[in-house]
Amino acid sequence: MPNDILSRRDIDFLLYDWLGVEDLTQRARYSDHSRETFDGVLDLCEQLAEKYFAPHNKLNDTREPTFDGSRVHVNPEVKRAFEAFAAADLIGMSMDYELGGAQLPVTVANAGFAWFHAANVSTAAYLMLTMANANLLATYGSTRDHELFVKPMLAGRFSGTMCLSEPQAGSSLADITTRAELTDGGHYRLFGSKMWISGGEHEITENIVHLVLARIAGAPAGVKGLSLFVVPKFLVDDDAAIGERNDVALGGLNHKMGYRGTTNTVLNFGDGTHRPYGSAGAVGYLVGQPNAGISYMFHMMNEARLGVGIGAVALGYTGYLKSVRYASERLQGRAAARKGVDDKPVPIIEHADVRRMLLTQKSYVEGALALALYCANLVDVRSSGADKKESAEATLLLDVLTPIAKSWPSQWCLAANDLAIQVHGGYGYTRDYDVEQHYRDNRLNPIHEGTHGIQSLDLLGRKVTQHDGASLALLSDRIAKTIDTATARGEELAHIAGQLGGRWTRLIEVTAKLVGEADRELALANSAIYLEAFGHLVIAWIWLELLLVSSSRDTDFYAGKVQAGRFFYRYELPRVDPQLELLESLDSTTVDMKAEWFS
Numbered sequence: 001m002p003n004d005i006l007s008r009r010d011i012d013f014l015l016y017d018w019l020g021v022e023d024l025t026q027r028a029r030y031s032d033h034s035r036e037t038f039d040g041v042l043d044l045c046e047q048l049a050e051k052y053f054a055p056h057n058k059l060n061d062t063r064e065p066t067f068d069g070s071r072v073h074v075n076p077e078v079k080r081a082f083e084a085f086a087a088a089d090l091i092g093m094s095m096d097y098e099l100g101g102a103q104l105p106v107t108v109a110n111a112g113f114a115w116f117h118a119a120n121v122s123t124a125a126y127l128m129l130t131m132a133n134a135n136l137l138a139t140y141g142s143t144r145d146h147e148l149f150v151k152p153m154l155a156g157r158f159s160g161t162m163c164l165s166e167p168q169a170g171s172s173l174a175d176i177t178t179r180a181e182l183t184d185g186g187h188y189r190l191f192g193s194k195m196w197i198s199g200g201e202h203e204i205t206e207n208i209v210h211l212v213l214a215r216i217a218g219a220p221a222g223v224k225g226l227s228l229f230v231v232p233k234f235l236v237d238d239d240a241a242i243g244e245r246n247d248v249a250l251g252g253l254n255h256k257m258g259y260r261g262t263t264n265t266v267l268n269f270g271d272g273t274h275r276p277y278g279s280a281g282a283v284g285y286l287v288g289q290p291n292a293g294i295s296y297m298f299h300m301m302n303e304a305r306l307g308v309g310i311g312a313v314a315l316g317y318t319g320y321l322k323s324v325r326y327a328s329e330r331l332q333g334r335a336a337a338r339k340g341v342d343d344k345p346v347p348i349i350e351h352a353d354v355r356r357m358l359l360t361q362k363s364y365v366e367g368a369l370a371l372a373l374y375c376a377n378l379v380d381v382r383s384s385g386a387d388k389k390e391s392a393e394a395t396l397l398l399d400v401l402t403p404i405a406k407s408w409p410s411q412w413c414l415a416a417n418d419l420a421i422q423v424h425g426g427y428g429y430t431r432d433y434d435v436e437q438h439y440r441d442n443r444l445n446p447i448h449e450g451t452h453g454i455q456s457l458d459l460l461g462r463k464v465t466q467h468d469g470a471s472l473a474l475l476s477d478r479i480a481k482t483i484d485t486a487t488a489r490g491e492e493l494a495h496i497a498g499q500l501g502g503r504w505t506r507l508i509e510v511t512a513k514l515v516g517e518a519d520r521e522l523a524l525a526n527s528a529i530y531l532e533a534f535g536h537l538v539i540a541w542i543w544l545e546l547l548l549v550s551s552s553r554d555t556d557f558y559a560g561k562v563q564a565g566r567f568f569y570r571y572e573l574p575r576v577d578p579q580l581e582l583l584e585s586l587d588s589t590t591v592d593m594k595a596e597w598f599s
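Letter by letter, the sequence shown follows residues 1 to 599 in UniProt numbering.
Written out as structure tokens, the structure reads:
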């Protein structure tokens, strides 16, 4: 019986009917796998999410981690879920065989991991960070790092974090002040504080591997002077056995509106609470080259941005499924065509406005899930292609789509959660139903891994112009090909394709004007609106792709796809018209506003 965590039918549609992931098995990297392998992993993820993650989702929300002055206490169910995931060899499911991974396509791994996001995003966060940490060290770390940190993380012995933000700097990484001092032993001692570190302290695993940005004495100012260090909670010997406590101390727990089961910490490095080898300062090991830390960290940050995006999708999707079930069971009111009091109440799904809210959710979450898996597929093409041109194109597309894949689901799948509450009516904002928690959990994602404002500045200020506009040009070419195919497929698809084509052309014209504006503050002032318009057009393209697959098939599932696609084009896509008009006008209202006028 289908559950309301995620739709396996939709995942199969996206993986096999649309993306054709079985074709990846023709590539050397994935040649050991098959449709049976992929299905087995997806089955396993669904089963583990139902058995070990979903049952304590509410517990995580109502009984968040506590600190008694010496230890952090986390619900024991979190540790059991983490261990079950690790015992199934899923932490390294997309990593190389040589490191102990299963070398699965990222597309399949991300689809499988979406079940855990949807079932219990707080517990899944520990795993997502660990996998991203391990991937970074697998790419840039030494053989020693692989043996002492990556392999224990893949085995579930160690977990991982990323330590970027500081209390005084926030997202402005150029202002990081944590310092690293080289010792005679060849390692470094770190001193400073980090803020908002998810998974930063707990006893779920034997050890926690912190990846920390810090400055070496004499380094250049700004982000070009940041280096990356491995700083474990406990030092390890040459066999990765646990040694003495490192000088990493918990400064306190942050208490958030969502993700309450994930510890969120202030960490103090080198405050003398612990003195490894008899001296103050957290022992750290340089990753790669000095002053290259920001480029290394972007590997983890970009993976985390895609992870946040698919997590936002999962939360929106499970809220959607639960609101469909509720609307199908809840009897209230009479059909509009029959208002006699003697008529029996009907399920609220029979009311047009409820169907509007459900269709809105469906168009958001299904479109966003497709985009997330499309981006994962680009990762696979990039890493497994023998053709350098193919890999380069996948990289260009991934660069320009990552801000969208992170921010669009974080905004619109959150809106889907809002509608799920509305569909539930008065019950929706009570804790007796899941949807209010899903909303609170998802509200963190517009901030996680870079706010909408940060993503929009990245998109408009860098991604659309990089490599002389090659990323945007390639995306335009892909969209044009989809439009051409749809135009040849019949009147309705041709009409829809025309709607997308005209607006995409308009976006390109507006982009040229913004990029060419000499006043950069004015050009970038409304970058968040640009991001939103760009994102809606990308999702419209994705929906056109899905319509091409679905329109010729005759089942309820495909009919639902077609109707959701129609809905997006008729109700959602027109949003971009006034946005593009505003952007083209180079409106200066926000720039002209003075700080003192807010008083």
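A virtual CB, placed ideally from N, CA and C, is assigned to each residue, including glycine.
- Around the beta carbon of residue 523, a 10 Å sphere encloses 16 or more other beta carbons of the protein chains shown; the residue is thus reported as buried.
- Closest option to residue 464, judged by alpha-carbon separation, among 440, 417, 495 and 401: 401.
- For a cut-off of 8 Å, the C-beta gap from residue 154 to residue 92 is around 4 Å, short enough to register as a contact.
- Under a 10 Å Cβ-count criterion, residue 484 is classified as exposed, with fewer than 16 other Cβ atoms of the shown protein chains found around its own Cβ.
- Excluding the 5 residues flanking it on each side, residue 445 has same chain C-beta neighbours closer than 6 Å at 308, 312 and 410, in chain order.
- A straight-line Cα-Cα distance of about 26 Å links residue 368 and residue 36.
- Residue 253 places its beta carbon 8 Å or farther from that of residue 268.
- Taking 8 Å as the cut-off, the beta carbon of residue 104 is found closer than this to the beta carbon of residue 41.
- The alpha-carbon of residue 28 is positioned some 9 Å away from that of residue 386.
- Looking from the CA of residue 3, the closest CA among 320, 143 and 181 belongs to 320.
- Per DSSP, the unbroken alpha helix (DSSP H) holding residue 485 starts and ends at 466–487.
- Restricting attention to 498, 531, 196 and 500, the CA atom closest to the CA of residue 514 is found in 531.
- Taking C-beta atoms under 8 Å as the contact rule, residue 590 and residue 525 qualify, at a distance of about 5 Å.
- Residue 376 carries a helical assignment under DSSP once its states are collapsed to helix, strand and coil.
- Judged by their CB atoms, residue 230 and residue 209 are nearer to each other than the 8 Å cut-off.
- Shown here for residue 399: same chain residues with a beta carbon closer than 6 Å to its own, the five before and five after excluded, namely 463 and 471 in chain order.
- The DSSP-derived three-state label of residue 381 is helix.
- Across the set 297, 137, 420 and 261, the C-alpha of 420 shows the shortest separation from the C-alpha of residue 357.
- For residue 115, the enclosing alpha helix (DSSP H) begins and ends at 106–119.
- The DSSP-derived three-state label of residue 60 is helix.
- In the three-state reduction of the DSSP assignment, residue 230 falls in the strand class.
- Put simply, the backbone Cα of residue 587 is about 40 Å away from that of residue 178.
- Annotation note: the UniProt domain "Acetyl-CoA dehydrogenase-like C-terminal" (477–593) contains the following uninterrupted alpha helix (DSSP H) runs of length 4 or greater, listed N- to C-terminal: 491–516, 520–524, 527–550, 556–567, 576–584 and 589–592.
- Inclusion of residue 164 and residue 299 in the CB contact set at 8 Å is not warranted, their separation being larger than that value.
- Cβ contact annotation for residue 538 (same chain, cutoff 6 Å, sequence separation greater than five): 404, in chain order.
- Ranked by how close their Cα comes to the Cα of residue 278, the residues 245, 96 and 333 have 245 in first place.
- Here residue 204 is near residue 79, since their CB atoms are less than 8 Å apart.
- Under DSSP, residue 73 shares a beta bridge with 66.
- Around the Cβ of residue 94, a 10 Å sphere holds 16 or more other Cβ atoms; the residue is buried.
- Residue pairing from DSSP places residue 236 in a beta bridge opposite 242.
- Between the beta-carbon of residue 213 and that of residue 293 there is about 5 Å, and that keeps the pair under the 8 Å contact cut.
- Comparing C-alpha distances from residue 160 to each of 141, 176, 170 and 132 shows the shortest one belongs to 132.
- One thing to note: residue 408 has its Cβ within 8 Å of the Cβ of residue 535.
- Per DSSP, residue 454 has no beta-bridge partner at all.
- By the Cβ rule, the segment 486–499 counts as touching the segment 548–556, because three or more pairs are nearer than 8 Å.
- About 12 Å separates the beta carbons of residue 24 and residue 373, which is beyond the 8 Å limit, so they are not a contact pair.
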